[in-house]
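Sequential numbering from 576 applies to the sequence shown in our numbering. Idealized CB from N, CA, C, for every residue including glycine. Predicted, not measured: the structure shown is a model, and the values here were computed from it.
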Amino acid sequence: MTECTNEFALEVLKKIGATDEDLVFLGSSFSESNVKLQMYLAHLKKNKFITAWKHVEIGFGSKGDLEQGSAGWTWGMDHPDYKKFTNGKEGANGRIPCMAIGGKVYWDSAPILKMLFEKYEASSASEGVKTTFNELYELSMKHEDNYYTLRELLRF
């Protein structure tokens, strides 16, 4: 599993005002693996599966402190506390994206997408949508370290 919950992470979530019920996205707005999560969250909101989520923008090459500015929360990926937040774990794309779901913290986009789909949408999705989602997920996980193989497998 992709869980990386730890006491420090729970303290950080409280600091930004998140409850166990909130969805909290921690990632970069210009990374493909992160953008697909943001797009799926927007889809869930548009279709009224969720009402909102919190966002902490993680800066590549930044050692910036966790802070709230006019554009929202930001945090540097290279800040020592961010590594502590993820319990030192890294996924296919480093320590982003992370997502707090149900008061627990997870990393790596594909397993997070699967968790979100199963939690919010699977019960109302058609069998065809469920099958397609699961097939794409399995391919993604099998070839997550080889973008070129995955790209060739998914060509239509």
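Exposure of residue i, with buried meaning 16 or more beta-carbon neighbours within 10 Å
| i | result |
| --- | --- |
| S701 | exposed |
| M576 | Since pLDDT at M576 reaches only 49, below the 50 mark, its modelled position is unreliable, and the value read off the structure follows with that caveat. Answer is exposed; the Cβ neighbour count stays below 16. |
| M674 | buried |
| S604 | exposed |
| K689 | buried |
| G636 | exposed |
| A584 | buried |
| G644 | exposed |
| K717 | exposed |
| V587 | buried |
| S698 | exposed |
| V609 | The question names Val, but residue 609 is Asn in the sequence shown. Under this definition N609 is a buried residue. |
| T661 | buried |
Nearest to residue i (by Cα), restricted to the options the options
| i | options | result |
| --- | --- | --- |
| K638 | V610, K658, E727 and T707 | K658 |
| W682 | F605, I671, K689 and G644 | I671 |
| W650 | S715, D595 and H630 | H630 |
| T580 | M716, K679, K689 and M690 | K679 |
| G677 | V704, L585 and D597 | D597 |
| I591 | I625, G647, T706 and V610 | G647 |
| M614 | E586, S699, F692 and G634 | F692 |
| M652 | T661, G634 and F660 | G634 |
| Y712 | A697, F660, G703 and A685 | A685 |
| E578 | S606, G663, F624 and E586 | G663 |
| F599 | T626, E710 and E607 | This sequence places Val at residue 599; Phe is not what is there. Comparing Cα-Cα distances from V599 to each of T626, E710 and E607, the minimum goes to T626. |
| D595 | D640, F708, W628 and S698 | W628 |
Within 7 Å, strictly: CB atoms of residue i and residue j
| i | j | result |
| --- | --- | --- |
| Y695 | L601 | no |
Supposed close pair residue i, residue j - CB separation, criterion 8 Å
| i | j | result |
| --- | --- | --- |
| L612 | I687 | 6 Å |
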